[in-house]
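Asker:
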Ligand SMILES: [Zn+2]
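Residue numbers (the working numbering): 395 to 634.
1) CA-CA distance, residue 414 and residue 556?
2) Closer than 8 Å is the cut-off here; do at least three beta carbon pairs connect the region 506-521 with the region 557-577?
3) Only counting runs of 3 or more residues, tell me where the beta strand (DSSP E) segments fall wholly within the region 592-623, in order along the chain.
4) My guess is that residue 612 and residue 402 are in contact by the Cβ rule of under 8 Å, so how many angstroms apart are they, rounded?
5) Check whether the Cβ atoms of residue 479 and residue 458 lie closer than 8 Å to each other.
6) Just jot down, in chain order, the residues whose CB lies closer than 5 Å to any heavy atom of ligand 1.
7) Mind checking who residue 477 pairs with in its DSSP beta bridge?
8) Could you check what DSSP says for residue 565 in three-state terms: helix, strand or coil?
9) Quick one, which of 502, 493, 584 has its alpha-carbon nearest residue 632's?
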C-alpha cells in the first residue's frame, strides 16, 4: 500500500495525501469504486490507483472532481477508463485554464515537470454535471451541487450505507469545509453565499453524518455549524 487509508465506515475510505494535505475519498460497491478527487500529480494518482485495486479489488470506475483547484483535479488524467464527473465550470477550466492551473500548482511548490505531465494527460468529460446518481452495485452514491461557496462550482458526494444495511452517511465536502485551517477564501469564492450552502450541506448529510473535509480531520455536523457561523461573521465584517 502506498498511502494510509482511513476506513470511515463499511467500504468507505479516505486518505490524506502529504502534498497540500488534500483528502481523497473512496466508496466501494460490488460493481465499482468511486474516487473523490485525485491529487496533484500522475505519480500520486498512479499510487492511488494501485491502492484502490488492492482495497476494492477493482480499478477506479468513477471519479468525482469536487472543484477546480489543482490539488483536487490534476491527477485525474491517470484514470482513463473511469467516468469523470465535474461541474460545467470545472470542465471549462480544465479545457481552457491550464496556465492558471500550472501557476497555482507551482506557487504551492509542485514540481513543474510533473505538473506539465499531469496537464498534458487531462481528459475532461464531454459534459459537466450539477447532480448525478451512481450505482456502484448495492451502493448508491449521489453527487450534488449545493450552491456557491469555496468556489462557484463545488460538488459534494453523499454516500449512504449500502442498500439494506445500517450505518452512517458519509459526505465528502470538498473544500466547502476545511478542518486543518480556516476555510480558504480566495478570488474563486463566493463568501456571502457560502453559509447558506453549508445549511444545504447539513440537510443533505443530516445530523449524524460523517463529514469529510477537503483538508483536515473528519468532522461532525456541529463542526460544520461552527464553520458556517465563522463564515457568517466574516460576511458581516466585510459588508459592515
Ligand atoms: Zn480548493
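Backbone N, C-alpha and C fix where the C-beta goes; we use that ideal spot for every residue, glycine too.
Answerer: Reading from the atomic positions:
1) 31 Å
2) no
3) 604-609
4) 7 Å
5) yes
6) 463, 569
7) 456
8) strand
9) 584
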